[in-house]
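Q: Below you'll find the structure I mean.
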Amino acid sequence: MLRESVRALAEAKIVPFAAAVDEEGRFPQEALDALVANDLHAVHVPETYGGAGADALATVIVIEEVARACGSSSLIPAVNKLGSLPVILSGSEELKHRYLAPLARGEAMFSYALSEPDAGSDAAGMKTRAVRDGDFWVLNGVKRWITNAGVSEYYTVMAVTDPDKRSKGISAFVVEKSDEGVSFGAPEKKLGIKGSPTREVYLDNVRIPASRMIGAEGTGFATAMKTLDHTRITIAAQAIGIAQGALDYAKGYVKERKQFGKPIADFQGVQFMLADMAMKLEAARQLTYAAAAKSERVDSDLTFFGAAASASPPTSPWRSPPTPSSSSAATATPATTPSSA
Ligand SMILES: Cc1cc2nc3c(=O)[nH]c(=O)nc-3n(C[C@H](O)[C@H](O)[C@H](O)COP(=O)(O)OP(=O)(O)OC[C@H]3O[C@@H](n4cnc5c(N)ncnc54)[C@H](O)[C@@H]3O)c2cc1C
């Protein structure tokens, strides 16, 4: 039922704008409005804080169905989870009530600011600094590649509080867009998902109350990594949704396009390709759903499953290019009609 209702909403309210959003590289405001109106913009927020209380699998299904219509729009529910999960996992009750309730009501979006110009895979090499000043922390630094930056009101920012301790000297904070000293770079020009703004976030003497620290001092990196364990699955869901959208589109096209007097769907070579796409897509989906169940139970092998799920979809940016030997697997695929694909 959830899938059907999100699909119907996406077809009606997101599909009509998806191509323009991508071509114009503009934020999908229509999608945000439709998702908020139907309480689908941040379904993961627990009911205690006014949210829908969706579990990890339900959240994945929402993201998947939005991505099937528009990859950029799917980063609204996905990054709202990414940005706010540190607060859910490690924040005080005060922080949870203060920041999760506006998120659940659709009044504010949440971004996640870990990466920096010189700290990508090696996130612990970050340079953004937070220095204590009485009841305040003062933040200085640059975060890069921050999804929905400039649109989101709230940011989980990881910063170094003790430079001698490397990952154990990193703490997490909630920074607000309206805090003095916060500004944003120009949107990056990307190859895809062009409607989702990716910007730098500049922190110039941003002075925030000490109560905005998420969890204890020095636990920010652990919270950041735990957050990624749970949210790599949402990026897998995005890639699966995009792949499903492409497959559904292709299935329609091959029936419509005629060559040599018949629809190209009648050619077995085309059927092989569609069968292959459907097979790889379903394998990725099942791995992602298994990872979502593990996320919900916080199983000990979640880190492996989350990483594997995010690298498995055919459209995943984290997927390695196929080697010549792996592409020969296509010839071993049994003949399947496009409709059964
Ligand atoms: C569209 C987009 C949105 C993003 N959104 C966010 C966001 O919202 N918040 C945020 O904090 N970050 C975000 N990021 C940043 C993203 O998390 C980083 O791009 C990622 O961590 C990789 O860092 P990097 O791009 O600096 O690559 P690098 O770390 O420089 O890696 C370059 C290459 O080296 C390889 N490599 C690196 N280390 C190793 C190793 N130890 N072993 C083998 N190979 C290695 C990598 O696999 C890669 O192929 C976003 C990025 C993009 C492109």
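Each residue of the sequence shown is one higher than the last, beginning at 0 in numbering that gives the first Met the number 0.
All C-beta atoms in this analysis are idealised placements derived from N, C-alpha and C, irrespective of residue type, glycine included.
All values derive from a computational prediction rather than experimental measurement.
1. Using a threshold of 7 Å, state whether the C-beta atoms of V137 and N37 are closer than that.
2. Would you kindly work out how many angstroms separate the C-alpha atoms of Y288 and K167, rounded to a whole number?
3. Using CA atoms only, rank isn't needed, just tell me which of S120, E115, A310, G133 is closest to T127.
4. Which complete beta strand (DSSP E) runs does the region 158-227 hold, if anything under 3 residues is left out?
5. Does the distance from the C-beta atom of V86 to that of K80 stay below 7 Å?
6. What separation, rounded to the nearest whole angstrom, lies between the Cα atoms of F259 and G268?
7. Which residues does DSSP pair with I145 in a beta bridge?
8. Any heavy atom of ligand 1 closer than 6 Å to the Cβ of T233?
9. Is W144 a contact residue of ligand 1, with contact defined as CB to any heavy atom under 6 Å?
10. Quick test of your reading: T222 and L88, contact by CB under 8 Å. State the CB separation rounded to the nearest angstrom.
11. DSSP three-state call for V44: helix, strand or coil?
12. For G346, name the three-state secondary structure that DSSP assigns.
13. Going by the C-beta, is G240 closer than 6 Å to any heavy atom of ligand 1?
14. Please report the straight-line C-alpha distance between V61 and G133, rounded to a whole angstrom.
15. Could you check whether the region 269-279 touches the region 187-201, counting it as contact only if at least three pairs of C-beta atoms, one from each stretch, sit closer than 8 Å?
16. In the DSSP assignment, the alpha helix (DSSP H) including A292 goes from what residue to what residue?
17. Count the other CB atoms, across all protein chains shown, that sit within 10 Å of the CB of A130; report buried if there are 16 or more and exposed otherwise.
18. Is it true that the CB of A245 sits closer than 7 Å to the CB of V59?
19. Could you name the residues of the same chain whose beta carbon sits closer than 6 Å to that of G216, not counting the 5 residues immediately before and after it, in chain order?
20. Would you identify the three-state DSSP class for K126, choosing helix, strand or coil?
21. Tell me, please, whether the region 62-80 touches the region 179-186 by the rule of three or more beta-carbon pairs shorter than 8 Å.
22. Would you be able to state if there are at least three C-beta pairs under 8 Å between the region 101-119 and the region 271-281?
23. Please classify A7: is it buried, with 16 or more other beta-carbons within 10 angstroms of its beta-carbon, or exposed?
24. Out of S72, G82, D54, point me to the one whose CA is closest to G24's CA.
25. With a threshold of 6 Å, establish whether the CB of S114 neighbours any heavy atom of ligand 3.
26. Which of helix, strand or coil does DSSP assign to E115?
27. Specify, as a first and last residue, the run of the alpha helix (DSSP H) that F16 falls within.
28. Taking C-alpha atoms, which residue in A264, V297, D300, A307 lies nearest to Q285?
29. Can you tell me which of A17, G124, P45, A68 puts its alpha carbon nearest to the alpha carbon of I239?
30. Whose CA, out of R206, E3, K142, D163, lies closest to the CA of G180?
31. Leaving out five residues on either side along the sequence, give the residues of the same chain with a beta carbon under 7 Å from the beta carbon of K293.
32. Residues in its own chain within less than 7 Å of D54 by CB, not counting five upstream and five downstream?
33. Indicate whether A123 and F220 have their beta-carbon atoms separated by less than 7 Å.
34. Return the Cβ separation of A30 and I75 in integer angstroms, given the expectation that the two are a contact with Cβ distance under 8 Å.
35. How would you write the range of the alpha helix (DSSP H) that R2 sits in, first residue to last?
A: Result, derived from the coordinates:
1. no
2. 32 Å
3. E115
4. 169-175, 181-183, 197-208
5. no
6. 14 Å
7. R198
8. no
9. yes
10. 6 Å
11. coil
12. Lying before the first or after the last residue shown, residue 346 is absent from the chain, which here runs from 0 to 340.
13. no
14. 43 Å
15. no
16. 267-296
17. Checking the sequence, you will find Val at residue 130 rather than Ala. V130 is exposed by the Cβ-count criterion.
18. no
19. It should be pointed out that residue 216 corresponds to Glu in this sequence rather than to Gly. Only T160, S170 meet the Cβ criterion.
20. coil
21. no
22. no
23. exposed
24. S72
25. The ligand content of the structure shown is limited to ligand 1, which means ligand 3 is not among them.
26. strand
27. 14-23
28. A307
29. A68
30. R206
31. D300, L301, F304
32. E295
33. yes
34. 6 Å
35. 1-8
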